[in-house]
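Comments concern the structure below.
Following this line, the structure appears as structure tokens:
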């Protein structure tokens, strides 16, 4: 993708019980993809989970954070699924691939 | 960590044969931790791998990229282990945790 754009780096540790987490993740993925300014997302998990989503600008990130269904998912995440998480908002200045 | 600082987002797909990859990864982790400006690293892998390393500034990232042992590891990675990878250099502007 052409720089500059934004990355939201979400790192998390899940609790032992995660009923409903996968389904919610899938729903949020589908919803995020419909947001204006959404550029893509990549995810991996073993001991910890890392999800990096890519966005056109800070405004699209802010709107996604405040989306009502997403707010509900965030609340459930804190109550039910996440032991711990960290969110980092970062401006991607350079990108190269092999 | 106190913002601003830099994140290097490394996403990769491995080939089927990855002999020696784990050992090299461990060596590079130990070496990176000794570099000036290194702030931390987080990694997860299932279908794809995501490694995010954190650095004080662009200069420390540049020096780590040009470290001779690391250059050798990068070369081996392209020849032997990686099907594909992307590197993104990003300025972390905000961070919050739960």
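Protein chains in written order, with the numbering used here: chain A, 785 to 882; chain B, 785 to 882.
Backbone N, C-alpha and C define an ideal beta-carbon position, used for all residues, glycine too.
Since we're looking at a predicted model, the values are computed, not measured.
Separation of the CB atoms of residue 788 of chain B and residue 871 of chain B is rounded to 19 Å, and the pair is thereby denied contact status at 8 Å.
Take residue 802 of chain A, set aside five residues on each side of it, and the residues of its chain with a beta-carbon closer than 6 Å to its own are 865, in chain order. Taking residue 837 of chain A as the centre and dropping the five residues before and after it, the same chain places the C-beta of 792, 825 closer than 6 Å to its C-beta, in chain order.
Only buried fits residue 833 of chain B, as 16 or more other CB atoms lie within 10 angstroms of its CB. Taking residue 817 of chain A as reference, the option from A:828, A:851, A:882, A:796 with the minimal CA-CA separation is A:851. The C-alpha of residue 860 of chain B lies about 45 Å from the C-alpha of residue 853 of chain A.
Using a Cβ-Cβ cut-off of 9 Å, residue 828 of chain B counts as an interface residue toward chain A, since at least one Cβ of chain A sits closer than that to its own.
Taking the beta carbon of residue 868 of chain B as reference, the chain A residues within 8 Å of it are 881, 882, listed in sequence order.
Shown here, residue 826 of chain B sits in a strand according to DSSP, grouped into three states. Flagged as an interface residue toward chain B: residue 833 of chain A, by a C-beta distance shorter than 9 Å.
Contact check for residue 881 of chain B against residue 868 of chain A passes: the beta carbons are separated by less than 9 Å. By the Cβ neighbour-count rule, residue 812 of chain A is buried, with 16 or more other Cβ atoms within 10 Å of its own. No Cβ of chain B is located within less than 9 Å of the beta carbon of residue 802 of chain A. Residue contact check for residue 864 of chain A against chain B: no CB pair falls below 9 Å. Taking a beta-carbon distance threshold of 9 Å, residue 798 of chain A does not count as an interface residue toward chain B. Per DSSP, reduced to three states, the secondary structure at residue 858 of chain A is helical.
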